[in-house]
Amino acid sequence: MEVASYLIDKSSSITVIGSSDLPYQNTLGREIGKFTLTVKRNVKFYMNDNVTEVKGVDGKVKEVVLKSGKVIPADVLIVGVGIFPNSQFLQGSKITMDSKHFVIVDKYMRTNVPDVFCAGDLATFPLAMAKNRLVNIGHWQMAQAHGRIVALNMINKATELNSVPFYWTVLLGKTIRYAGYGEGYTEIVMKGKFEDRKFLALYIKDDEVIAAAGLNYDPAVSAVAERLVTGNVITKAEAQYVQSVCFPLLTVVLRTPDAVSPSPPDRSDDLSWLQLS
Ligand SMILES: Cc1cc2nc3c(=O)[nH]c(=O)nc-3n(C[C@H](O)[C@H](O)[C@H](O)COP(=O)(O)OP(=O)(O)OC[C@H]3O[C@@H](n4cnc5c(N)ncnc54)[C@H](O)[C@@H]3O)c2cc1C
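With the first letter of the sequence shown counted as 1, position 195 gets the number 195 in the UniProt record's numbering; the numbers rise by one all the way through.
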């Protein structure tokens with residue numbers, strides 16, 4: 001999606017092919033996925049589809065054939081279909097790896113072998129904000145946090161990793177920022193409006209906020225991250241908080257025939273509970 005966004009004014013046509021219903025469906029959710037389709041002017045999407053064949057002439061791409069039968073003429077094909085760790089050199093060593101060949105470390109980033117540490121994309125580590133669940137997160141911010149913890153522990157300054165994952169994605173100059181670990185969320189509380197290009201999604205699991213994603217809501221995403229790193233739980237009730245508005249029980253209004261009825265102000269985007277400064 002980011003590549004498509006970058007190339008939008010540099011190519012005559014762009015096609016995005018994805019195997020899910022919507023882009024970002026699993027990570028950011030369907031609502032934001034739908035929104036990203038609207039941001040991408042002049043990009044054709046073939047979702048719920050797959051590439052089955054790439055046809056070329058003289059070693060150059062000419063056509064991409066989809067499972068649906070659609071044939072797309074192309075000069076360049078960029079493939080982004082996941083990751084695998086470059087850990088073959090550790091095969092046969094004493095270092096313990098998980099089933100996907102990522103290196104398992106503890107909260108001090110130590111492997112099972114004394115004095116051997118692992119950090120960054122290659123590490124599977126206990127994530128404090130997710131009740132120390134073993135996770136693998138391929139983000140710059142997390143790799144940097146790992147590096148710092150490894151360095152401190154290497155010089156015998158025992159320090160536990162306690163960092164909230166964070167990343168951002170830029171689509172046509174619009175930056176969606178994400179903080180937390182939303183794996184397994186069951187519900188999303190939305191603030192703001194997609195049509196205003198200003199929204200905040202709060203991802204809920206077991207009645208707690210486990211992640212946030214926002215466009216033009218940066219201070220709120222940071223505030224959620226700060227709450228998550230301190231272990232100060234944000235409840236679903238807090239996320240849904242709507243400041244109560246008092247109205248008189250009876251209002252007598254003298255009005256002209258075309259006057260409109262007073263309506264309560266919209267407080268659904270109230271974030272006072274986050275105590276933004
Ligand atoms: C296309 C792409 C886009 C991305 N976009 C984002 C983004 O927008 N935001 C974000 O947060 N993250 C993004 N990431 C992820 C981010 O790049 C990684 O999380 C981060 O680089 C991890 O740092 P690292 O040091 O663990 O690994 P790397 O940066 O991969 O560094 C590992 C280094 O080790 C070297 N190496 C490998 N094997 C050996 C060996 N046997 N001996 C010696 N050296 C070796 C490699 O050559 C490499 O230089 C993106 C990744 C990709 C591929």
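Where is the CB? At the ideal position from N, CA and C, for every residue including glycine.
Taking the alpha helix (DSSP H) that residue i falls in, what are its first and last residues?
| i | result |
| --- | --- |
| M1 | Run containing M1: none; DSSP gives neither H nor E here. |
| R148 | W140 to M154 |
| R227 | D218 to T230 |
| A236 | Contrary to the premise, residue 236 reads as Lys rather than Ala in this sequence. K236 to A239 is the extent of the alpha helix (DSSP H) around K236. |
Can you grab the Cα-Cα spacing for the pair residue i / residue j, in whole Å?
| i | j | result |
| --- | --- | --- |
| S87 | V105 | 14 Å |
| Y6 | T52 | 25 Å |
| V16 | K34 | 14 Å |
| G92 | H101 | 12 Å |
| V113 | K94 | 7 Å |
| P126 | D49 | 35 Å |
| V135 | N216 | 29 Å |
| F84 | S11 | 30 Å |
| T235 | S272 | 14 Å |
| A4 | V43 | 8 Å |
| V233 | F166 | 18 Å |
| A201 | L274 | 14 Å |
| N132 | K191 | 29 Å |
| Q25 | I32 | 8 Å |
| G59 | M47 | 27 Å |
| F89 | T124 | 17 Å |
| V245 | D207 | A caution first: V245 carries a pLDDT of 45, below 50, which makes its placement in the model too unreliable to give a value. |
| V252 | G184 | Residue placement at V252 is poorly supported in this model, since its pLDDT is 37, which falls under 50; the coordinates still yield a value, given next. Between V252 and G184, the C-alpha separation is close to 51 Å. |
| F194 | R177 | 15 Å |
| S20 | T169 | 19 Å |
| G231 | Q141 | 19 Å |
| D270 | V81 | 39 Å |
| I72 | I78 | 14 Å |
| A74 | V57 | 12 Å |
| M109 | E2 | 31 Å |
| V103 | D115 | 14 Å |
| A158 | S68 | 55 Å |
| G18 | D218 | 28 Å |
| Y241 | I155 | 46 Å |
| T96 | R41 | 47 Å |
Would the beta-carbon of residue i fall within 8 Å of that of residue j?
| i | j | result |
| --- | --- | --- |
| A145 | G180 | no |
| A151 | G120 | no |
| F199 | N153 | no |
| V76 | V61 | yes |
| P197 | K174 | The displayed chain sequence assigns Arg, not Pro, to residue 197. In this structure, K174 lies closer than 8 Å to R197 by Cβ. |
So residue i packs on residue j, CB below 8 Å; how close in whole Å?
| i | j | result |
| --- | --- | --- |
| N162 | A212 | Wrong, their Cβ atoms sit about 18 Å apart, outside the cutoff. |
| E63 | K70 | Not really, about 10 Å apart at Cβ, beyond 8 Å. |
| K107 | E160 | 4 Å |
| G210 | A239 | In the sequence on display, residue 210 carries Ile and not Gly. Not quite, the Cβ-Cβ distance comes to about 11 Å (not below 8 Å), so this is no contact. |
| L172 | I8 | 7 Å |
| L228 | V189 | About 15 Å separates the two Cβ atoms, so there is no contact after all. |
| G214 | A223 | Wrong, their Cβ atoms sit about 10 Å apart, outside the cutoff. |
| P23 | T38 | In fact, because the Cβ distance is near 11 Å, the residues do not count as touching under 8 Å. |
| T27 | G182 | 7 Å |
Can you tell me where the beta strand (DSSP E) with residue i in it begins and where it stops?
| i | result |
| --- | --- |
| G214 | E208 to L215 |
| K34 | Taken as a continuous stretch (DSSP letters only), K34 belongs to no beta strand (DSSP E), being part of the alpha helix (DSSP H) at R30 to V39. |
| L66 | K60 to L66 |
| Y178 | K174 to G180 |
| A130 | Note, A130: premise wrong, no beta strand (DSSP E); not H, not E. |
| Y46 | V43 to Y46 |
| A201 | K198 to K205 |
| I17 | I14 to I17 |
| G192 | E187 to K193 |
| L171 | F166 to L171 |
Say yes only if the C-beta of residue i is nearer than 7 Å to one or more non-hydrogen atoms of ligand 2, and no if none qualify.
| i | result |
| --- | --- |
| A179 | No copy of ligand 2 occurs in the structure displayed; its ligands are ligand 1 alone. |
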